[in-house]
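**Q** My structure is below; once you've seen it, I'll send some questions.
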Amino acid sequence: MKANETFDDAAMSDKDLEELLRLELDREDPALTLRVLESLSRRQPEKSGEAEAAWQRFETRYLPLEAPLYSGEAEYPVKKRKRIWLRTVSLAAALALAVGLLAVQAGGSDPVTRFARWTTERFTFGQTDLLPVEEKESETANPPQNLLSESSEPISYDSLEDAVEELGLEGHLIPAWLPEGYALESAEVRHMAGFSAMYVYYTIPGEESFIRFRYCRDHPGSSGGVSIHEKDDTPVEVYERDGTLYYFLSNEGFESVTWMLDDITECSIGGELPREDLRKIVDSMYDM
Amino acid sequence: MQTEEKQRELLKKLYLEYYHRLFLYARSVLQDPSLAEEAVQDAFCIACVKQEQLTACGNPAGWLVQTLKNVLRNMERSHSSLYSFMRAAVLYDDTVLKESWEDANVDLLYGDLLPEEDFRLLKRIVLERYSYLEAAEELGISLEACRKRVQRIKQRLREKLGG
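Line by line, the protein sequences give chains B and X.
Start counting the first sequence at 20; every next residue gets the next number (my numbering).
Start counting the second sequence at 282; every next residue gets the next number (my numbering).
Have a look at this one:
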């Protein structure tokens with residue numbers, strides 16, 4: 020059953036709905052899951068005070084955890100089309116990445132220089148000082164740090180160029196070429212606590228395909244964060260152009276290229292398109 | 282700080298709005314209310330760490346459901362892994378029959394492998410499907426301490442049994 024198909028709520032028992040939910044576990048689209056849950060929650064409404072009591076347990080028992088219980092191999096999702104790029108200043112998440120990472124690019128002795136590192140599942144330009152060799156065990160409980168983070172409303176722009184200008188970026192960032200049919204869908208900049216991020220989407224009208232540009236700049240003086248790109252086991256390709264190293268990643272059909280523009284600016288372009296097209300997009304940025 | 286308070290209020294609002302539906306989902310999959318609540322709590326721990334992402338995604342319900350799915354899958358992986366270690370640990374004693382190892386009087390085993398208290402904790406979580414919170418409360422320790430104790434048990438068994 021697809022998300023946009025109807026399911027016959029009235030003809031299904033509670034057990035049928037629960038079975039449907041179990042079957043939904045391996046699907047990526049939560050839309051149908053939400054509709055089934057809506058139906059089930061009407062039949063089995065919340066008991067008075069249930070959520071409030073659970074919140075109390077959350078605050079007193081779970082929130083003090085150093086990291087989520089089951090996040091060791093977690094895939095943190097956003098909408099599927101915007102998946103891949105994760106950002107956190109959580110030391111716990113950085114620690115989780117530490118084991119088995121490969122340093123592939125020497126960055127000099129500057130303690131904030133970012134190194135490209137990857138495992139079979141993740142890629143990061145994590146800061147070296149956030150990536151100790153071994154996770155230290157501690158009985159001391161600290162709350163996750165990102166609870167303290169700050170976000171803002173997105174600011175919309177009419178073009179990639181305008182959004183790049185808002186971020187104050189200079190360099191080879193505007194492509195002269197995109198695959199045929201793509202047109203600008205949205206360009207937004209968000210100024211967050213510690214960094215600013217730009218999301219620009221190009222789509223083919225009437226189709227699901229998209230190309231996403233994401234440029235992120237740490238605010239001067241901020242400690243920055245750790246960028247985590249989910250990936251599959253397809254080999255990472257490194258491409259050098261005019262002294263900049265571009266890393267091509269794959270994640271189950273989603274291709275992306277990511278690079279550091281400077282010590283505080285990370286860029287990525289991605290979409291469900293051939294890696295070769297991404298390479299052409301990168302090359303075309305040097306034609307502008 | 283005002284920002285922290287604002288973040289907390291936003292998270293609480295989402296929590297109260299979606300908790301019940303997420304709980305129903307987790308209970309459908311896990312068939313156990315305590316484990317189901319723990320899965321939802323863990324999904325919200327991730328939401329707390331990733332609050333910027335959750336706020337920016339535009340579809341918090343979808344984000345939470347997808348995160349819960351990942352938590353549920355990770356719980357199953359974690360349980361399978363612990364189950365394998367425990368099975369190997371029990372069968373380390375060659376007087377235990379493979380067919381009935383789950384029923385073996387495990388309190389009498391493992392002097393060399395694990396302290397009795399550690400083995401009991403493993404048994405609670407693996408065979409009796411206690412949540413970490415239930416196990417922690419039984420032992421009178423914090424959730425974090427319980428989690429770390431299980432990690433140490435697993436590490437110890439890995440060292441002694443290989444794998």
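All residues carry an ideal CB built from backbone N, CA and C; glycine is no exception.
Since this is a predicted model, take the numbers as computed values, not measurements.
Is there a Cβ of chain X sitting closer than 9 Å to that of Tyr201(B), yes or no?
**A** The residue labelled residue 201(B) in the question sits at position 182 within the first sequence. So, not an interface residue.
**Q** Just the chain B side, please: which residues come within less than 8 Å of Gly343(X) by C-beta, in chain order?
**A** In the second sequence, counting from the first residue as 1, residue 343(X) sits at position 62. Within 8 Å Cβ-Cβ: Pro49, Ala50, Leu53, Lys98.
**Q** Rounded to the nearest angstrom, how far is the Cβ of Tyr176(B) from that of Glu189(B), given a contact under 8 Å?
**A** Translated into the one-based positions of the first sequence, residue 176(B) becomes position 157. Translated into the one-based positions of the first sequence, residue 189(B) becomes position 170. With a Cβ gap of about 17 Å, Tyr176(B) and Glu189(B) do not count as contacting.
**Q** Once the 5 residues before and after Arg354(X) are set aside, which same chain residues still bring their CB inside 6 Å of it?
**A** Taking the first residue of the second sequence as 1, we reach residue 354(X) at position 73. No residues qualify anywhere along the chain.
**Q** Using DSSP's beta-bridge definition, name the partner residues of Cys427(X).
**A** Residue 427(X) sits at position 146 when you count from the first residue of the second sequence. Cys427(X) is not bridged to any residue.
**Q** Return the chain-ordered list of same chain residues with a C-beta closer than 7 Å to the C-beta of Ser269(B), the five sequence neighbours on each side being excluded.
**A** As a position in the first sequence, residue 269(B) is number 250, starting the count at 1. Answer for Ser269(B): Lys250, Asp251, Thr253, listed in chain order.
**Q** Kindly list the residues whose CB is nearer than 6 Å to the CB of Cys427(X), restricted to its own chain and excluding five residues on each side of it in sequence; keep chain order.
**A** As a first step, residue 427(X) must be located in the second sequence, where it is residue number 146. Excluding residues within five positions, the ones whose Cβ falls inside 6 Å are Tyr413, Ala416, Ala417.
**Q** Applying the criterion that 16 or more other CB atoms from any shown protein chain within 10 Å of the CB defines a buried residue, is Gln332(X) buried or exposed?
**A** Here residue 332(X) is taken as the residue at index 51 of the second sequence, counted from 1. So Gln332(X) ends up on the buried side.
**Q** Taking the C-alpha atoms as reference points, what is the distance between Ser157(B) and Val431(X)?
**A** Indexing the first sequence from 1 puts residue 157(B) at position 138. Indexing the second sequence from 1 puts residue 431(X) at position 150. Low per-residue confidence applies at Ser157(B): pLDDT is 29, beneath 50, and the placement is therefore not dependable, though the value from the model is reported in the following sentence. Roughly 14 Å separates the two Cα atoms.
**Q** In this structure, does DSSP put Leu203(B) in helix, strand or coil?
**A** Numbered from its first residue, the first sequence carries residue 203(B) at position 184. If DSSP states are grouped into helix, strand and coil, Leu203(B) belongs with the strands.
**Q** Please compile the residues from chain X whose C-beta is within a distance smaller than 7 Å of the C-beta of Ser60(B).
**A** Against the first sequence, residue 60(B) aligns to sequence position 41. Per Cβ cutoff of 7 Å: His301, Arg302, Leu305.
**Q** So, for Val352(X): in the same chain, excluding its five sequence neighbours on each side, which residues have a beta-carbon less than 6 Å away from its beta-carbon?
**A** Walking along the second sequence from the start, residue 352(X) turns up at place 71. The residues are Ala320, Asp323, Ala324.
**Q** Check whether the stretch 228-238 of chain B and the stretch 290-304 of chain B touch, using three or more Cβ-Cβ pairs below 8 Å as the test.
**A** Contact between the stretch 228-238 of chain B and the stretch 290-304 of chain B is present, because at least three Cβ pairs lie under 8 Å.
**Q** Can you find the residues in the same chain that come closer than 8 Å, C-beta to C-beta, to Ala202(B), ignoring five residues on each side of it along the sequence?
**A** The residue given as residue 202(B) occupies position 183 in the first sequence. Here the set comprises Tyr221, Thr222, Ile223, Pro224.
**Q** Using a Cβ-Cβ distance under 9 Å, would Ala416(X) count as near chain B?
**A** Numbered from its first residue, the second sequence carries residue 416(X) at position 135. No, Ala416(X) lies away from the interface with chain B (no Cβ there is under 9 Å from its Cβ).
**Q** At the level of alpha carbons, what is the spacing between Glu85(B) and Met307(B)?
**A** Numbered from 1 along the first sequence, position 66 holds the residue referred to as residue 85(B). Numbered from 1 along the first sequence, position 288 holds the residue referred to as residue 307(B). Each residue's alpha carbon lies about 47 Å from the other.
**Q** Quick one: which residues of the stretch 422-434 of chain X get their C-beta closer than 7 Å to a C-beta of chain B? List them in chain order.
**A** Per Cβ criterion, the list reads Ser423, Leu424, Glu425, Ala426, Arg428, Lys429.
**Q** In terms of DSSP beta bridges, what is Thr277(B) paired with?
**A** In the first sequence, the residue the question calls residue 277(B) occupies position 258. Answer by DSSP bridge pairing, in chain order: Tyr266(B), Ser287(B).
**Q** Quick one: what's Val208(B) bridged to in DSSP?
**A** In the first sequence, residue 208(B) corresponds to position 189, counting from 1. Partner(s): Ile174(B), Met217(B).
**Q** Can you tell me whether His14(B) is helix, strand or coil according to DSSP?
**A** With chain B covering only 20 through 307, there is no way to say anything about residue 14(B).
**Q** Based on the DSSP secondary-structure assignment, which residues constitute the bridge partners of Thr336(X)?
**A** As a position in the second sequence, residue 336(X) is number 55, starting the count at 1. DSSP output for Thr336(X) lists no bridge partner at all.
**Q** What's the C-alpha gap between Leu192(B) and Val257(B)?
**A** By one-based count along the first sequence, residue 192(B) stands at place 173. By one-based count along the first sequence, residue 257(B) stands at place 238. Those two C-alpha atoms are separated by around 18 Å.
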